[in-house]
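Report on one structure; see the data block that follows.
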Amino acid sequence: MKKTFNIKSALILTFITVCALTASACTSTLTPLEQQQRERCISEKKEYSVSGKLGIFDEKIKTTTLLNIDVSKPDYTIYISGTTGTTLLKIRKTSAITEITDDKGNVRSGNNADELVYSLTGLHIPCDSLPDIITAVPGNNRAVYSEKGTIESISFSGFKVVYKSFTEVKGILLPKKMDIQGDNFLLRISVNKWNI
871 MKKTFNIKSA
881 LILTFITVCA
891 LTASACTSTL
901 TPLEQQQRER
911 CISEKKEYSV
921 SGKLGIFDEK
931 IKTTTLLNID
941 VSKPDYTIYI
951 SGTTGTTLLK
961 IRKTSAITEI
971 TDDKGNVRSG
981 NNADELVYSL
991 TGLHIPCDSL
1001 PDIITAVPGN
1011 NRAVYSEKGT
1021 IESISFSGFK
1031 VVYKSFTEVK
1041 GILLPKKMDI
1051 QGDNFLLRIS
1061 VNKWNI
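In this note's numbering, the protein residues as written are 871 to 1066.
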């Protein structure tokens, strides 16, 4: 009798463990309330960073680079590097200055990081929006939610972000893969590491 009880207990414990693991594996499904809590939680974070890859596709260029974004609100620094780790562009924005440094050490400063990058490289990179894009917090922008409750896309002025997949970091659901689609450009971000 005691043996039967132990076997039943072991089966029940195994079943509970499997259910818990299954539930934790399905973290990409959120209720509307959970999604609101996720957005609020991320909005309150003052510092975070990501590292990964940036695919750039437009009429002139098709390439993949390394991408690092360090955010300390309201400031940010974006590093776009070659596959060998050489920094091709460093974009730094603070409340006092916006400046871009290229791989030759040339520095340009101005008010609008997006325009500076375009004038220097001819590339459309929405630098000022990247800190919001990588967290999938729509703010005042129009968002479309999937059936799972996660953000499917956010429409910004001049481009749209489509979220392909998410990952859980410290209990927070964060974007892993996303496409930034403009009229004549496509940027593809794949996050390898989150620090939040």
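The C-beta atom is built at its ideal place from N, Cα and C for all residues, glycine as well.
Since I believe residue j is in contact with residue i (beta carbons under 8 Å), could you give me their beta-carbon distance rounded to a whole number of angstroms?
i, j, result
"S1095", "V1007", "Here the chain comprises residues numbered 871 to 1066, so residue 1095 is not present and cannot be evaluated."
"A1013", "C997", "Not a contact, Cβ separation roughly 21 Å."
"S951", "T968", "The Cβ separation is near 20 Å, so there is no contact."
"T1005", "L1044", "7 Å"
"V1031", "I1003", "5 Å"
In three-state DSSP terms, what is residue i?
i, result
"S1027", "coil"
"L990", "helix"
"F927", "strand"
"K872", "Only weak support exists for where K872 lies, its pLDDT of 43 falling under 50; the value from the coordinates is given anyway. Looking at K872 - three-state DSSP - the assignment turns out to be helix."
"S965", "coil"
"S1016", "coil"
"V1032", "strand"
"D984", "helix"
"I1003", "helix"
"I970", "strand"
"I912", "helix"
Looking at the ligand GDP, does it come within less than 6 Å of residue i, judged from the CB to the closest heavy atom?
i, result
"L900", "Ligands are entirely absent from the displayed structure, and the ligand GDP is therefore not among its contents."
Which residues does DSSP list as the beta-bridge partners of residue i?
i, result
"N821", "Residue 821 lies beyond the residue range present for the chain, which begins at 871 and ends at 1066; the question has no answer from this structure."
"E1038", "L1043"
"S942", "E917 and D945"
"L1056", "F927 and Q1051"
"K932", "F927"
"L903", "Paired residues: none, contrary to the question."
"L958", "Answer is none; L958 lacks a bridge partner."
"I950", "L937 and L959"
"I1021", "Y1015"
Nearest CA to the CA of residue i: which residue from the options?
i, options, result
"S965", "S942, E1022 and T971", "S942"
"T956", "K963, K1063, D973 and I1004", "D973"
"T954", "L937, K963 and P944", "L937"
"S1016", "I1003, I1066 and K1034", "K1034"
"Y988", "I1066, D928 and W1064", "D928"
"T901", "I1021, L993 and V1032", "I1021"
"E917", "H994, K1046, D945 and E985", "D945"
"N976", "E985, K963 and L990", "L990"
Does the count of Cβ pairs from the stretch 1051-1066 and the stretch 909-926 closer than 8 Å reach three?
yes
Is the number of C-beta pairs between the stretch 1045-1053 and the stretch 1016-1032 that are closer than 8 Å three or more?
yes
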